[in-house]
Ligand code: TYM
């Protein structure tokens, strides 16, 4: 069976996840959450599609998390999803550890995936650093759990930022090896959906580095909890160059900081980067930055205000997650049951 045929036999379904390790930032919003909302509301090429979005707490603990902070960050991430427009009625919104089938399928995948595959993952190399002997076993096996998150729902489409591409290729490798080893066409070949103007939002201090919660400089990123003044100040102070903006994207080739701000402007407005550069051609940063700051404040500060409001009601957040877990298990349970049958487990 060809790959196209393999995935076309599955009902289209979207899954994606974010780690509740604190510090939700503009990269997560533009690269992931905003696109989750688009898929929820607009479907896939105009056809409605079921959407499942997840706080991956089991992934978060592959590096040390303070328990009280993890609880707080999981609720805050849930508030961030909802404040950004993920509707818990339209989408299934879950916390990973509340749906035990993720971890159960991950164990099966630990026996399918090969050590060499894991060793090649750039996230493993980055996060484990030089002292791999001291990294957790969970950090090494991280991509197998991620494959399980996706495949426990037979998800066909996964919207993510560019940094997750390698993990999604591994998900396909795991699905293909399982199908091949057991002689079945059970798991789909999931498609990554890496689209839009801001699939890789860069640091405000260094346009060659990804915007990230682990950057020691708070000025390098916009946090989704920043207030309007802080957002505007960070944009005004973002590193740029002295040249005016060109009229084509080619003119930004060796100007990573300028390119980053154009991509952010485009993504916030829901237009392409090509359309954005035409709109602002010839402007100096002295004109463009205040315009970008106004746009960012208009789009982001209602989200941070709504997050703060939702965080006043942790019981409601917990109820949403319990309900989400129930709905998710209706899909996940039969798939896990079939996996156990295929593998030969007596039930
Ligand atoms: P995480 O928690 O690091 O990031 C969540 C999402 O945000 C995107 N992202 C960015 N996009 C653009 N620019 C940036 N600077 C930027 N930084 C982060 C990420 O690409 C991601 O889409 N392994 C995943 C979580 C995960 C998952 C899954 C994702 C677990 N299971 C199953 C999809 C499907 C992660 O660590 O994302």
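Residue numbers (the working numbering): 1412 to 1758. Here a beta-carbon is modelled for each residue, glycine too, at the ideal position from N, C-alpha and C. All figures in this text were calculated on a predicted structure; none of them were measured in a lab.
- How would you call residue 1697, buried or exposed, if buried means at least 16 neighbouring beta carbons within 10 angstroms? Residue 1697 is exposed by the Cβ-count criterion.
- Three-state secondary structure (DSSP) of residue 1691: Residue 1691: helix per DSSP, three-state reduction.
- How far does the alpha helix (DSSP H) with residue 1527 in it reach, from first residue to last? That run of the alpha helix (DSSP H) goes 1526 to 1530.
- How many angstroms separate the CA atom of residue 1727 from the CA atom of residue 1605? Going by the C-alpha atoms only, they are around 32 Å apart.
- Classify residue 1429 as buried or exposed, calling it buried when 16 or more other Cβ atoms lie within 10 Å of its own Cβ. Flag for residue 1429 reads buried.
- Leaving out five residues before and five after residue 1735 in sequence, what residues of the same chain have Cβ atoms less than 6 Å from its Cβ? Apart from the 5 residues on each side of it in sequence, residue 1735 sits with its Cβ closer than 6 Å to the Cβ of 1503, 1504, 1505 in its chain, given in chain order.
- If you follow the alpha helix (DSSP H) that residue 1590 is part of, which residue opens it and which one closes it? From DSSP, the alpha helix (DSSP H) with residue 1590 extends over 1576 to 1593.
- What first and last residue would you give for the alpha helix (DSSP H) that runs through residue 1462? No alpha helix (DSSP H) contains residue 1462, which is instead part of the beta strand (DSSP E) from 1461 to 1466.
- Task: List the whole-angstrom C-beta distance separating residue 1526 from residue 1554, where the pair is believed to meet the contact cut-off of C-beta under 8 Å.
- Result: Between residue 1554 and residue 1526 the Cβ distance is about 12 Å, and since that is not below 8 Å, they are no contact.
- Between the C-alpha atoms of residue 1463 and residue 1538, what's the straight-line distance to the nearest angstrom? Near 27 Å, if we compare the C-alpha coordinates of residue 1538 and residue 1463.
- Message: Can you tell me whether residue 1572 sits near ligand 1, meaning its C-beta is under 8 Å from at least one heavy atom of the ligand?
- Response: Flag set: Cβ of residue 1572 near ligand 1.
- When DSSP labels each residue in this structure, what does residue 1602 get in the three-state scheme? In the structure shown, residue 1602 sits in a strand (DSSP, three-state: E or B).
- Check whether the Cβ atoms of residue 1770 and residue 1669 lie closer than 9 Å to each other. There is no way to answer for residue 1770, as the model of the chain reaches only from 1412 to 1758.
- Query: For residue 1470 versus residue 1622, is the C-beta spacing smaller than 9 Å?
  - Reply: Their beta carbons are not under 9 Å apart, which means residue 1470 does not touch residue 1622 by this criterion.
- Message: Less than 8 Å separating the Cβ of residue 1623 from some heavy atom of ligand 1?
- Response: At least one heavy atom of ligand 1 lies closer than 8 Å to the C-beta of residue 1623.
- Item | Contacts around residue 1524, its chain only, beta-carbon distance under 6 Å, and the 5 residues preceding and following it disregarded | Here the set comprises 1555, 1585.
- With distances taken from CA atoms, which of 1520, 1444, 1694 is nearest residue 1589? Distance from the Cα of residue 1589 is smallest, within the candidate group 1520, 1444, 1694, for 1520.
- Task: Please determine if the segment 1448 to 1459 and the segment 1486 to 1500 are in contact, where contact requires at least 3 C-beta pairs separated by less than 8 Å.
- Result: Result yes; three or more Cβ-Cβ pairs closer than 8 Å.
- Message: So for residue 1421, helix, strand or coil by DSSP?
- Response: Note: residue 1421 maps to coil in three-state DSSP.
- Which whole-angstrom value is the C-beta distance of residue 1671 and residue 1612, which I expect to be below 8 Å? About 7 Å separates the beta carbon of residue 1671 from that of residue 1612, a gap short enough to meet the 8 Å contact definition.
- Neighbour-count burial assignment, residue 1522, 16 or more Cβ in a 10 Å radius: With fewer than 16 other Cβ atoms from the protein chains shown falling within 10 Å of its own Cβ, residue 1522 counts as exposed.
- What number of angstroms, rounded off, separates the C-alpha of residue 1558 from the C-alpha of residue 1693? Take the alpha-carbon of residue 1558 and the one of residue 1693: they are about 46 Å apart.
- Is residue 1565 helix, strand or coil when you go by DSSP? Coil.
- Message: Going by DSSP, what residue range makes up the beta strand (DSSP E) through residue 1504?
- Response: From DSSP, the beta strand (DSSP E) with residue 1504 extends over 1503 to 1506.
- Item | Close beta carbons around residue 1438, own chain, < 6 Å, minus the five adjacent residues each side | Counting only Cβ-Cβ distances below 6 Å, and skipping sequence neighbours, we find 1612, 1622.
- Kindly indicate which three-state DSSP category residue 1675 falls into: helix, strand or coil? Helix at residue 1675.
- Message: Please state the DSSP three-state secondary structure of residue 1427.
- Response: Three-state result, residue 1427: strand.
- In three-state DSSP terms, what is residue 1455? Strand, per DSSP.
- Query: Rounded to whole angstroms, how far is the Cβ of residue 1635 from the Cβ of residue 1491, which I believe are closer than 8 Å?
  - Reply: That pair is a contact at about 6 Å.
- Message: What would DSSP say about residue 1761, mapped onto helix, strand or coil?
- Response: Only positions 1412 to 1758 of the chain appear in the structure, and residue 1761 is not among them; the question remains open.
- Message: Any heavy atom of ligand 1 inside 8 Å of the beta-carbon of residue 1371?
- Response: There is no way to answer for residue 1371, as the model of the chain reaches only from 1412 to 1758.
- Message: Between the alpha carbons of residue 1703 and residue 1654, how many angstroms are there, rounded?
- Response: Straight-line Cα distance between these residues: approximately 17 Å.
- Query: For the alpha helix (DSSP H) that contains residue 1660, what are its first and last residues?
  - Reply: Element bounds for residue 1660: n/a, residue is neither H nor E.
- Message: Helix, strand or coil, according to DSSP, for residue 1701 in the structure here?
- Response: Note: residue 1701 maps to helix in three-state DSSP.
- Residues bridged to residue 1634 [DSSP beta-bridge criterion]: According to the DSSP secondary-structure assignment, residue 1634 is paired through a beta bridge with 1436.
- Query: Residues bridged to residue 1570 by DSSP?
  - Reply: Note: residue 1570 sits in a beta bridge opposite 1604.
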